[in-house]
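Novice: This is the structure, below, for whatever I ask next.
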Amino acid sequence: GKMQPTISKFFASV
Amino acid sequence: MFEARLVQGSLLKKVLDAIKELLNEASWDCADSGIQLQAMDNSHVSLVSVNLRAEGFDKYRCDRNLIMGMDLTSMSKILKCAANDDIITMKAQDNADTVTFIFESPSQEKVSDYEMKLMNLDQDHLGIPETDYACVIKLPSGEFARICRDLSNFGESIVIACSKEGVKFSAAGDIGTGNIKLAQTSSVDKEEEAVIIEMQEPVTLTFACRYLNMFTKATPLSPQVSLSMSPDVPLVVEYSIGDIGQIQYFLAPKIDD
Chain A
116 GKMQPTISKF FASV
Chain B
15 MFEARLVQGS LLKKVLDAIK ELLNEASWDC ADSGIQLQAM DNSHVSLVSV NLRAEGFDKY
75 RCDRNLIMGM DLTSMSKILK CAANDDIITM KAQDNADTVT FIFESPSQEK VSDYEMKLMN
135 LDQDHLGIPE TDYACVIKLP SGEFARICRD LSNFGESIVI ACSKEGVKFS AAGDIGTGNI
195 KLAQTSSVDK EEEAVIIEMQ EPVTLTFACR YLNMFTKATP LSPQVSLSMS PDVPLVVEYS
255 IGDIGQIQYF LAPKIDD
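Residue numbers (my numbering), protein chains in the order written: chain A, 116 to 129; chain B, 15 to 271.
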């Protein structure tokens, strides 16, 4: 199966 | 003092229609260069970025940087009060806790103004790196909306596979499977009807239908949409906003459990 990661896993907070 | 006047007010109405399902509230960052909005949806799976350039407005003034936090449901209700051919002006004083929307009919015979309370929003800002994407697909926005809608009947996810042969959208579920293949168009009369694929390397990624369908609410903004993909990074779905800017949606790909 596939899971849905959040977008903040890919883009860091600035 | 902040003031932005847009003769083509319908563009702002369409921008709100394009974001209001995804976002409940968001901050509009106003600066000399223009207006920007960046916000994640409630579940933090996607990110919306709106950019409206100062030069795109018919009149634009921003003496001091201003962050206007807005309830987008309220903003949408107010913009629904503007006719499609109305000229829309947004106005706020420095350090104000309200924003005023002014709608003028083209003949100037009817002028309405609506004042809305601003909110203090504490929102995370994400840094989006400059990326050279492995595949960039440009296609008619109506076609993309149709594909997302049709494949949503089959499952919760859409697989987008881009290769030099073209792009394939697929979904699978209880009732069966669906596949839609688009080849690059060889010749078209109108540029907006073209399917154009720029590919450095083939990419296959899986995305949640629910979000793709919400992104397609931007379809009335532009006849074309572009999809940018690289392995293991978020998809970018981009629509231009007339000549004044663009809206980008970033969506995290689904990954193997």
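All C-beta atoms in this analysis are idealised placements derived from N, C-alpha and C, irrespective of residue type, glycine included. As the structure is a prediction and not an experimental result, all values here were calculated from the model.
(1) My understanding is that residue 108 of chain B touches residue 77 of chain B, with C-beta atoms under 8 Å, so please give their C-beta distance in whole angstroms.
(2) Look up residue 228 of chain B in the DSSP assignment and say whether it is helix, strand or coil.
(3) Using a Cβ-Cβ cut-off of less than 7 Å, list which residues of the region 224-235 of chain B approach chain A; keep chain order.
(4) Under three-state DSSP, which class holds residue 29 of chain B?
(5) What does the Cβ neighbour count give for residue 48 of chain B, buried or exposed, with the cut at 16 atoms within 10 Å?
(6) Can you check the region 160-246 of chain B for any alpha helix (DSSP H) of at least 4 residues that lies completely inside it and give the ranges in chain order?
(7) Measure from the alpha carbon of residue 15 of chain B to the alpha carbon of each residue in B:96, B:55, B:224, B:113, then state which is nearest.
(8) When you compare only the Cα positions, how much space is there between residue 97 of chain B and residue 28 of chain B?
(9) Could you give the residue range of the alpha helix (DSSP H) that holds residue 20 of chain B?
(10) Spell out whether any CB of chain A is found under 8 Å from the CB atom of residue 158 of chain B.
(11) What residues of chain A sit near residue 84 of chain B, judged by a beta carbon separation below 7 Å?
(12) Mind checking if residue 43 of chain B is an interface residue toward chain A, Cβ cutoff 8 Å exclusive?
(13) Return the residue from the list B:259, B:180, B:222 that minimises the CA-CA distance to residue 266 of chain B.
(14) Tell me, to the nearest whole angstrom, how far the beta carbon of residue 26 of chain B is from that of residue 93 of chain B; I am working on the premise that it is less than 8 Å.
(15) Against chain A, does residue 182 of chain B count as a neighbour if the rule is that its beta carbon must be under 8 Å from one of theirs?
(16) Where does residue 158 of chain B sit, in a helix, a strand or coil, going by DSSP?
(17) Measure how close the beta-carbons of residue 237 of chain B and residue 206 of chain B come, nearest whole angstrom, since I'm counting them as under 8 Å.
(18) By Cβ distance below 7 Å, which residues in the same chain neighbour residue 253 of chain B in space, the five residues on each side in sequence not counted?
(19) Which residue from B:164, B:145, B:19, B:60 puts its Cα closest to that of residue 100 of chain B?
(20) Please report whether the beta-carbon of residue 248 of chain B lies at a distance below 8 Å from any beta-carbon of chain A.
(21) What residues of chain A sit near residue 130 of chain B, judged by a beta carbon separation below 9 Å?
(22) Along chain A, in chain order, which residues have C-beta atoms closer than 7 Å to that of residue 271 of chain B?
(23) Assign residue 145 of chain B to one of three DSSP states: helix, strand, or coil.
(24) When Cβ atoms are compared, which residues of the region 19-45 of chain B fall closer than 9 Å to chain A?
(25) Quick one: list the residues of chain A neighbouring residue 220 of chain B, beta-carbon separation under 7 Å, in chain order.
(26) Helix or strand or just coil, what does DSSP make of residue 41 of chain B?
(27) Relative to the alpha-carbon of residue 129 of chain B, which residue among B:135, B:104, B:151, B:150 has its alpha-carbon at the smallest distance?
(28) In its own chain, which residues sit with a C-beta less than 6 Å from the C-beta of residue 142 of chain B, not counting the 5 before and 5 after it?
(29) Expressed to the nearest angstrom, what Euclidean distance is found between the alpha-carbon atoms of residue 12 of chain B and residue 79 of chain B?
Specialist: Taking the geometry as given:
(1) Residue numbering aside, residue 108 of chain B sits at position 94 when the second sequence is read from its first letter. Residue numbering aside, residue 77 of chain B sits at position 63 when the second sequence is read from its first letter. About 7 Å; that satisfies the 8 Å criterion.
(2) Within the second sequence, residue 228 of chain B is the residue found at index 214, counting from 1. Residue 228 of chain B falls in the helix class under three-state DSSP.
(3) Correct list: empty, as no residue qualifies.
(4) Here residue 29 of chain B corresponds to residue number 15 of the second sequence, with the count starting at 1. The three-state reading of DSSP puts residue 29 of chain B in helix, counting H, G and I together.
(5) Position 34 of the second sequence, counted from the start, is the residue given in the question as residue 48 of chain B. Classification of residue 48 of chain B: buried, given that the 10 Å Cβ count is 16 or more.
(6) Segments of the alpha helix (DSSP H) lying fully in the region 160-246 of chain B: 223-229.
(7) The count along the second sequence starts at 1 and reaches residue 15 of chain B at position 1. Its Cα nearest to that of residue 15 of chain B, the residue B:113 stands out among B:96, B:55, B:224, B:113.
(8) Residue 97 of chain B sits at position 83 when you count from the first residue of the second sequence. Residue 28 of chain B sits at position 14 when you count from the first residue of the second sequence. Whole-angstrom Cα-Cα distance: 12 Å.
(9) One-based indexing of the second sequence puts residue 20 of chain B at position 6. Here residue 20 of chain B belongs to no alpha helix (DSSP H); instead the beta strand (DSSP E) covers 16-20.
(10) Translated into positions along the second sequence, residue 158 of chain B becomes position 144. Judged by the 8 Å Cβ criterion, residue 158 of chain B is not in contact with chain A.
(11) Counting from 1 along the second sequence, the entry for residue 84 of chain B is found at position 70. Chain A residues near residue 84 of chain B: none, gap ~21 Å exceeds 7 Å.
(12) Mapped onto the second sequence, residue 43 of chain B falls at position 29. So no, residue 43 of chain B is outside the interface.
(13) Here residue 266 of chain B refers to the residue found at position 252 when the second sequence is read from its first residue. The residue with the shortest Cα to Cα distance from residue 266 of chain B is B:222.
(14) Position 12 of the second sequence holds residue 26 of chain B. Position 79 of the second sequence holds residue 93 of chain B. Under the criterion of beta carbons closer than 8 Å, residue 26 of chain B and residue 93 of chain B qualify as touching, at roughly 6 Å.
(15) For the purposes of this step, residue 182 of chain B is taken as the residue at position 168 of the second sequence. It does not; no Cβ of chain A falls within 8 Å.
(16) Mapped onto the second sequence, residue 158 of chain B falls at position 144. If DSSP states are grouped into helix, strand and coil, residue 158 of chain B belongs with the helices.
(17) In the second sequence, the residue the question calls residue 237 of chain B occupies position 223. In the second sequence, the residue the question calls residue 206 of chain B occupies position 192. By a beta-carbon distance limit of 8 Å, residue 237 of chain B contacts residue 206 of chain B. Their separation comes to about 4 Å.
(18) Residue 253 of chain B sits at position 239 when you count from the first residue of the second sequence. Only 155, 232, 235, 236, 239, 260, 261 meet the Cβ criterion.
(19) Counting from 1 along the second sequence, the entry for residue 100 of chain B is found at position 86. Of all alpha-carbon atoms in B:164, B:145, B:19, B:60, the one lying nearest the alpha-carbon of residue 100 of chain B is that of B:19.
(20) For the purposes of this step, residue 248 of chain B is identified with residue 234 of the second sequence, where counting begins at 1. With 8 Å as the cut-off, residue 248 of chain B counts as an interface residue toward chain A.
(21) On the second sequence, position 116 is the one that residue 130 of chain B refers to. Going along chain A, no residue has its Cβ under 9 Å from residue 130 of chain B, so there is no contact; the nearest lies around 28 Å.
(22) On the second sequence, position 257 is the one that residue 271 of chain B refers to. Ordered by position in chain A, the residues that pass the 7 Å Cβ test against residue 271 of chain B are 116, 117, 118.
(23) To locate residue 145 of chain B, count along the second sequence from 1; it is residue 131. DSSP places residue 145 of chain B in coil when its eight states are reduced to three.
(24) For the region 19-45 of chain B, which is checked against every Cβ of chain A, not one residue is closer than 9 Å.
(25) Within the second sequence, numbered from 1, the residue matching residue 220 of chain B stands at position 206. Those within 7 Å of residue 220 of chain B in chain A are 117.
(26) One-based indexing of the second sequence puts residue 41 of chain B at position 27. Residue 41 of chain B falls in the strand class under three-state DSSP.
(27) Locating residue 129 of chain B in the second sequence gives position 115, where the first residue counts as 1. Considering only alpha carbons, the answer is B:104.
(28) For this step, residue 142 of chain B is matched to residue 128 along the second sequence. Once the five neighbours on either side are set aside, residue 142 of chain B has no close Cβ partner at all.
(29) As displayed, chain B neither begins before 15 nor continues past 271, which places residue 12 of chain B out of reach and without an answer.
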